[in-house]
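First up is the structure itself, then whatever we jot down about it.
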Amino acid sequence: MDACSFSTSGGYQYYLDEGVGKGYLPANVDRRPATLQRKQKEYFAFIEHYYKSRNDEVHQDTYRQIHIDIPRMSPEALILQPKVTEIFERILFIWAIRHPASGYVQGINDLVTPFFVVFICEYIDQEDVDEVDVSSVPAEVLRNIEADTYWCMSKLLDGIQDNYTFAQPGIQMKVKMLEELVSRIDERTVESFVGGTGSFALRLPDSLCLCCAERVHRHLDGHEVRYLQFAFRWMNNLLMRELPLRCTIRLWDTYQSEPEGFSHFHLYVCAAFLVRWRREILEERDFQSPPLLISATTETTTTITAITTTSADTVVTTATTSAATDLMVVVVAFKACQRIVSKGTIPLCYSVSKGAIPLCYSELLLFLQNLPTARWDDQDVSLLLAEAYRLKFAFADAPNHYKKLATESLPSSISSDSGGDKLLALDGGFL
Numbered sequence: 001m002d003a004c005s006f007s008t009s010g011g012y013q014y015y016l017d018e019g020v021g022k023g024y025l026p027a028n029v030d031r032r033p034a035t036l037q038r039k040q041k042e043y044f045a046f047i048e049h050y051y052k053s054r055n056d057e058v059h060q061d062t063y064r065q066i067h068i069d070i071p072r073m074s075p076e077a078l079i080l081q082p083k084v085t086e087i088f089e090r091i092l093f094i095w096a097i098r099h100p101a102s103g104y105v106q107g108i109n110d111l112v113t114p115f116f117v118v119f120i121c122e123y124i125d126q127e128d129v130d131e132v133d134v135s136s137v138p139a140e141v142l143r144n145i146e147a148d149t150y151w152c153m154s155k156l157l158d159g160i161q162d163n164y165t166f167a168q169p170g171i172q173m174k175v176k177m178l179e180e181l182v183s184r185i186d187e188r189t190v191e192s193f194v195g196g197t198g199s200f201a202l203r204l205p206d207s208l209c210l211c212c213a214e215r216v217h218r219h220l221d222g223h224e225v226r227y228l229q230f231a232f233r234w235m236n237n238l239l240m241r242e243l244p245l246r247c248t249i250r251l252w253d254t255y256q257s258e259p260e261g262f263s264h265f266h267l268y269v270c271a272a273f274l275v276r277w278r279r280e281i282l283e284e285r286d287f288q289s290p291p292l293l294i295s296a297t298t299e300t301t302t303t304i305t306a307i308t309t310t311s312a313d314t315v316v317t318t319a320t321t322s323a324a325t326d327l328m329v330v331v332v333a334f335k336a337c338q339r340i341v342s343k344g345t346i347p348l349c350y351s352v353s354k355g356a357i358p359l360c361y362s363e364l365l366l367f368l369q370n371l372p373t374a375r376w377d378d379q380d381v382s383l384l385l386a387e388a389y390r391l392k393f394a395f396a397d398a399p400n401h402y403k404k405l406a407t408e409s410l411p412s413s414i415s416s417d418s419g420g421d422k423l424l425a426l427d428g429g430f431l
């Protein structure tokens, strides 16, 4: 279903009712209207007290970053409306001021949109969630929606705030858990899950066959693609950057009903999401071309040389950058493979002493950071959730799939993967 049909069938009230179990509204139905009004007044008291300080020296960097990040959000047709921009700025700034342990972190801004869209769609006649126009919504209604959006987002973030504290330990741990989980989903696991019969796997949609999860893990590991390079964003933005907004709302609808909250079930959704692309991942190869050589001359200067030779032509490309975290990667392809020659900046985490990385490394990483989900609909999300539930049923009460984690300490920052090699990474490139 799209967001607007969801909201007109009770989406606004549903999301508010979901706050009952999270402490937002009381269980007593008769007390809810008064409590809702009190919470709305409380939010606007925060606005009155804190928002005027946005240009103070102590807070201006936070406000400036929020102001920069909001226009980058999607859908643009919604976000670029001045009223919406102002609402989002206030919500994010107030949340950051009231949560100094983390403050504002890139990625939090995306978490506002689903709540706001579900609430606003109750008051407009709009089919396409990406084209929502708030100009016809009365100012008082917008005020109430702003307050309710703030409180719902706050309740969501209360359960995952360690994702956004210093060094983001929550995300690092979840990415490690995802890697461990995927590495342990093999054919024997599936057979055990269905009572020892392998036939059940044949009834799965081909794109969601869990038997191939271990192969996907080995393929990524063999080509030195690290989970942190693509799954960081999955955890940081709760898949909002990977799915259309209508699908995110459908996904979050299920998350809201989970007794353990967003974070727990999201792990299994991410595992199923990765396996969903197993065919494309396993088919990403070098296509018989020479490798893309990446060599680091120093920690701050990186030279990339791509040499591709076919019977038709030879392409030699060199690019140099002085920032190791802003590495320019040239993906060279040739007519025989019907590839598009492209150039772009991607977050690249690599070992300085390795010296050479195959071409399929960059192809795999670019694919995983730009998954083709633009045409996904409710059925795709339903299949994804079904597979995530199967994984949860098989693994949630069997903590052995986290066994390795018990003997590993969580790094406070990106650490070396072997032999003391220093890993160069990341920061803003994931968003």
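The sequence shown begins at 1 in the numbering used here and counts up by one.
Quick reminder that beta carbons are idealized off the backbone N, C-alpha and C, glycines included.
This structure is a prediction, so every number in the text was calculated from the model and none was measured.
Whole-angstrom distance between residue j and residue i, CA atom to CA atom
i           : j           : result
residue 268 : residue 392 : 6 Å
residue 116 : residue 97  : 20 Å
residue 77  : residue 132 : 7 Å
residue 51  : residue 262 : 29 Å
residue 379 : residue 214 : 25 Å
residue 225 : residue 168 : 21 Å
residue 369 : residue 107 : 15 Å
residue 274 : residue 64  : 35 Å
residue 374 : residue 239 : 13 Å
residue 67  : residue 56  : 15 Å
residue 89  : residue 95  : 10 Å
residue 367 : residue 219 : 14 Å
residue 396 : residue 139 : 46 Å
residue 43  : residue 282 : 50 Å
residue 33  : residue 166 : 38 Å
residue 394 : residue 41  : 45 Å
residue 144 : residue 385 : 32 Å
residue 109 : residue 222 : 35 Å
residue 212 : residue 159 : 32 Å
residue 39  : residue 256 : 20 Å
residue 69  : residue 37  : 30 Å
residue 29  : residue 125 : 28 Å
Of the residues the options, the one placed nearest residue i, counting alpha carbons only
i           : options            : result
residue 156 : 264, 89, 86, 67    : 264
residue 179 : 234, 148, 152      : 234
residue 456 : 87, 39, 129, 271   : Nothing can be reported for residue 456, as the shown portion of the chain is limited to 1 through 431.
residue 441 : 259, 37, 113       : In the structure as shown, the chain begins at 1 and stops at 431. Residue 441 is therefore absent and cannot be evaluated.
residue 181 : 158, 152, 272      : 272
residue 383 : 139, 161, 254, 222 : 254
residue 270 : 248, 62, 109       : 248
residue 241 : 44, 75, 31, 29     : 75
residue 381 : 161, 251, 166      : 251
residue 376 : 390, 243, 257, 260 : 243
residue 177 : 28, 266, 165       : 266
residue 387 : 259, 185, 221, 257 : 185
residue 389 : 28, 258, 48        : 258
residue 99  : 48, 164, 237, 125  : 164
residue 237 : 105, 365, 29       : 105
Chain-order list of residues whose beta-carbon lies under 8 Å from that of residue i (same chain, five-residue window excluded)
i           : result
residue 175 : 227, 228, 231, 232, 235
residue 53  : 59, 97
residue 91  : 112, 146, 149, 150, 153
residue 161 : 99, 101, 102, 170
Cutoff 7 Å; reference residue i; Cβ partners in own chain excluding five residues on either side
i           : result
residue 123 : 137, 141
residue 134 : 81, 83, 84, 120, 142
residue 410 : In this prediction, residue 410 has a pLDDT of 46, which is less than 50 and means its spatial position is unreliable; nothing more can be read from the coordinates.
residue 277 : 371
residue 103 : 62, 96
Cβ shell of residue i (< 6 Å), same chain only, five flanking positions each side left out
i           : result
residue 146 : 87
residue 183 : 217
residue 46  : 94
residue 260 : none
**alpha helix (DSSP H) runs contained entirely in the segment 69-143, provided each spans 4 or more residues** = 76-79, 82-98, 113-120
**Message:** My parser needs the alpha helix (DSSP H) runs of 4 or more residues fully inside the segment 359-399; what are they?
**Reply:** 359-369, 378-395
**Request:** May I have a chain-ordered list of the alpha helix (DSSP H) segments no shorter than 4 residues that lie completely inside the segment 204-270?
**Result:** 213-222, 227-236, 245-257
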